[in-house]
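Below is one structure, written out as structure tokens, with a few remarks after it.
Numbering (the UniProt record's numbering), first residue to last: 1 to 148.
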């Protein structure tokens, strides 16, 4: 019996755990689009700590309909800064239940080392081109949808 239990544990560890996100059977790696304020945005993902630290810092800009989605392992109070950014963005904090809890509009590169974020536990952060929130009437309480 111990042998089978040990084999089962090894199998689980070897194959990893599948994380299911709201919106069906999506895994973090399968997300390609976010629907927010009625608009579909193609997103690049920041899942690893390294990708989350780098964020959009190496980019020269975001086109309309593009963004970066940060997916955290566990909900927490995640603050953001504009270190090494080359352009302003809107930053949107989203709960595990896919609800917008805070929007920082037109966060400018010059604001570094200031940090931004809500006093709330969030699971996702979406960065979009500056002005997106106003243009699309995005507000706290709006719902976000993830899709592949």
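Don't be surprised by glycine CBs; every beta carbon is placed ideally from N, CA and C.
No experiment lies behind these values; they were computed from the predicted model shown.
Residue i to residue j span [Cα, whole Å]
i           : j           : result
residue 97  : residue 123 : 9 Å
residue 108 : residue 86  : 9 Å
residue 77  : residue 52  : 14 Å
residue 99  : residue 133 : 15 Å
residue 48  : residue 56  : 14 Å
residue 30  : residue 112 : 32 Å
residue 146 : residue 110 : 31 Å
residue 148 : residue 41  : 11 Å
residue 58  : residue 84  : 8 Å
residue 120 : residue 101 : 8 Å
residue 32  : residue 94  : 17 Å
residue 103 : residue 65  : 17 Å
residue 70  : residue 105 : 17 Å
Under the three-state DSSP convention, the category residue i falls into
i           : result
residue 124 : strand
residue 50  : helix
residue 73  : strand
For residue i: DSSP bridge partner residues
i           : result
residue 42  : 33 and 66
residue 107 : 89
residue 147 : 33
residue 129 : 89
Expected contact under 8 Å - CB spacing of residue i and residue j to nearest Å
i           : j           : result
residue 130 : residue 88  : 4 Å
residue 61  : residue 43  : Actually they do not touch by this definition, with Cβ atoms about 15 Å apart.
residue 80  : residue 117 : 6 Å
residue 91  : residue 127 : 6 Å
task = Answer yes if the segment 136 to 148 comes into contact with the segment 27 to 38, meaning at least three C-beta pairs across the two stretches below 8 Å, and no otherwise.
result = yes
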